[in-house]
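Chains as they are written, first to last, in my numbering: chain W, 1 to 102; chain Z, 1 to 185. Glycine residues also receive a C-beta, built at the ideal position from the N, C-alpha and C atoms.
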Amino acid sequence: MNEKKLKQLFGSARTEPVPSPLPGFAADVLAAVHTERRPAAAGSQSTWEHLNTLFPRVALAAVVVIVLCVAADWGLTEAGLPGVSDGVAQATSQYLFNSEDL
Amino acid sequence: MNEDAELLQRIRAGATDEFGILVRRHQQRVFGILHHYERDAQRLEDLAQETFLKAWRALEQFDGRAPFEHWISRIAVRTALDHLRREKRRKNEVALPDLGEDVLDWLRSPDDKSELDSRAAAEFLERAMQQLSPGDRVVITMQELQGCSVKEIAAAMGVSSIAVRVRAVRARAKLKQVVEKLSKQ
């Protein structure tokens with residue numbers, strides 16, 4: 001099979017007439033559309049759909065907060081001040097799990 | 001504002017029945033795309049209906065930056081791609097039907113000047129392209145039968161232009177092999 005023959009094959013196939021839709025085609029589509037729910041308008045999304053849309057941003061914000069906390073902890077420790085983890089440990093031992101208060 | 005944009009505005013405002021006007025306006029284009037992938041009239045109509053229903057469901061996402069006909073064409077191509085994937089799974093082990101003698105004679109003939117009937121050529125190509133992957137088939141159909149540019153194919157399939165070029169070369173080589181094999185049947 002040479003290239004010219006393949007091109008001829010495509011050329012002939014290209015001239016095949018396109019079948020026309022039946023006269024009632026648009027009405028059939030419309031009937032199917034009526035059985036469907038109307039497309040949701042932008043303002044009528046549920047909370048769940050909103051959360052789904054916002055998920056990548058929420059995840060990114062969480063990562064940023066974690067990174068900031070780790071950086072702050074490291075910075076405070078390096079500066080010789082009590083870090084965030086030290087503060088949390090102190091608060092835990094003093095207030096939350098103080099066995100004397102139980 | 002063009003006619004489609006005005007119509008879409010009315011549909012979005014609640015004039016659902018006017019979607020029928022949009023369907024009538026673009027149905028020939030949608031059939032023109034889909035008939036390259038499905039030759040059975042009933043299934044072709046089902047695919048066209050599926051295309052318009054997908055458009056209806058996604059109407060809020062159409063931002064109007066590109067013409068509506070481009071958008072609906074892309075939906076038609078993706079509907080065809082889904083259809084080919086479904087068919088590929090179903091027909092994987094079915095042998096190719098026998099080809100007509102006219103087509104085989106034409107293929108075997110060294111004469112480059114004789115023309116093949118358009119219907120026979122389209123049927124033959126359809127059978128040969130069943131041997132390609134759905135993605136390869138869409139690329140070669142859009143390029144060779146619909147005359148689309150690489151950019152248009154890339155946009156319709158949601159892939160890069162480079163991927164389309166690579167795929168087109170590979171698909172063409174594979175198709176050539178299949179046609180050669182079929183002509184020796």
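1. State buried or exposed for Thr79/Z, treating a residue as buried only when at least 16 other CB atoms are found within 10 Å of its CB.
2. Nearest chain W C-beta to Gln131/Z closer than 8 Å, yes or no?
3. For Val23/Z and chain W, any beta-carbon pair shorter than 8 Å?
4. Grab me the residues of Trp48/W's own chain with a C-beta within less than 6 Å of its C-beta, minus the 5 sequence neighbours each way, in chain order.
5. Could you give the C-beta distance for Phe124/Z and Pro19/W, rounded to a whole number, given that I count them as a contact under 8 Å?
6. List the residues of chain W that Ala122/Z touches, going by C-beta distances under 7 Å, in chain order.
7. Using only the alpha-carbon positions, how far apart do Gln131/Z and Lys174/Z sit?
8. So Asp136/Z is in the alpha helix (DSSP H); what residue range does that whole segment cover?
9. Output yes if chain Z places a C-beta closer than 8 Å to the C-beta of Ala41/W; else output no.
10. Where does Leu175/Z sit, in a helix, a strand or coil, going by DSSP?
11. May I ask which residues mark the beginning and end of the alpha helix (DSSP H) holding Cys69/W?
12. Taking 8 Å as the CB-CB cut-off, is Glu36/W touching chain Z?
13. Express the C-alpha separation of Ala156/Z and Lys184/Z in angstroms, rounding to a whole number.
14. Alpha carbon to alpha carbon, how far is Pro21/W from Lys181/Z?
15. Can you find at least 3 beta carbon pairs, one from the region 69–77 of chain Z and one from the region 152–171 of chain Z, that sit closer than 8 Å?
16. Using a Cβ-Cβ cut-off of less than 8 Å, list which residues of the region 25–42 of chain Z approach chain W; keep chain order.
17. Kindly indicate which three-state DSSP category Phe62/Z falls into: helix, strand or coil?
18. Does the region 42–61 of chain Z touch the region 56–73 of chain W, meaning 3 or more C-beta pairs lie closer than 8 Å?
19. Ordered along the chain, which non-local residues of its own chain (more than five positions away) have a Cβ less than 7 Å from that of Ser161/Z?
20. Does the distance from the CB of Lys88/Z to the CB of Leu6/W come in under 8 Å?
21. Which residue comes first and which comes last in the alpha helix (DSSP H) that contains Ala120/Z?
According to the structure shown:
1. On the second sequence, residue 79/Z is found 79 positions in, with the first residue counted as 1. Its Cβ being crowded by 16 or more others within 10 Å, Thr79/Z is buried.
2. One-based indexing of the second sequence puts residue 131/Z at position 131. No, no contact with chain W.
3. Residue 23/Z sits at position 23 when you count from the first residue of the second sequence. Yes, its Cβ sits closer than 8 Å to a Cβ of chain W.
4. The residue given as residue 48/W occupies position 48 in the first sequence. Cβ neighbours of Trp48/W beyond the five flanking positions: none.
5. Position 124 of the second sequence, counting from 1, holds the residue named residue 124/Z. Position 19 of the first sequence, counting from 1, holds the residue named residue 19/W. The Cβ separation is near 18 Å, so there is no contact.
6. One-based indexing of the second sequence puts residue 122/Z at position 122. Here the neighbours are Ala13, Glu16.
7. Your numbering for residue 131/Z matches position 131 in the second sequence. Your numbering for residue 174/Z matches position 174 in the second sequence. Taking the straight line joining both Cα atoms gives about 9 Å.
8. Reading the second sequence from its first residue, position 136 is the one you call residue 136/Z. First-last of the alpha helix (DSSP H) with Asp136/Z: 134–140.
9. Translated into positions along the first sequence, residue 41/W becomes position 41. Because Ala41/W sits at a pLDDT of 49, beneath the cut-off of 50, its placement in the model cannot be relied upon, and the point is left open.
10. By one-based count along the second sequence, residue 175/Z stands at place 175. Looking at Leu175/Z - three-state DSSP - the assignment turns out to be helix.
11. Reading the first sequence from its first residue, position 69 is the one you call residue 69/W. That run of the alpha helix (DSSP H) goes 47–78.
12. Position 36 of the first sequence holds residue 36/W. Chain Z contact via Cβ: present.
13. Working through the second sequence from its first residue, we reach residue 184/Z at position 184. Working through the second sequence from its first residue, we reach residue 156/Z at position 156. Each residue's Cα considered, the two are about 35 Å apart.
14. Taking the first residue of the first sequence as position 1, residue 21/W is located at position 21. Taking the first residue of the second sequence as position 1, residue 181/Z is located at position 181. Roughly 35 Å between the two C-alpha positions.
15. yes
16. Gln27, Gln28, Phe31, Gly32, His35, Ala41
17. In the second sequence, the residue the question calls residue 62/Z occupies position 62. In the structure shown, Phe62/Z sits in coil (DSSP, three-state: anything other than H, G, I, E or B).
18. no
19. Counting from 1 along the second sequence, the entry for residue 161/Z is found at position 161. Taken in chain order, the residues that qualify are Val150, Lys151, Ala154.
20. As a first step, residue 88/Z is located in the second sequence; it is residue number 88 there, counting from the start. As a first step, residue 6/W is located in the first sequence; it is residue number 6 there, counting from the start. Contact: no.
21. Here the question's residue 120/Z lines up with position 120 in the second sequence. Counting along the chain, the alpha helix (DSSP H) containing Ala120/Z begins and ends at 118–129.
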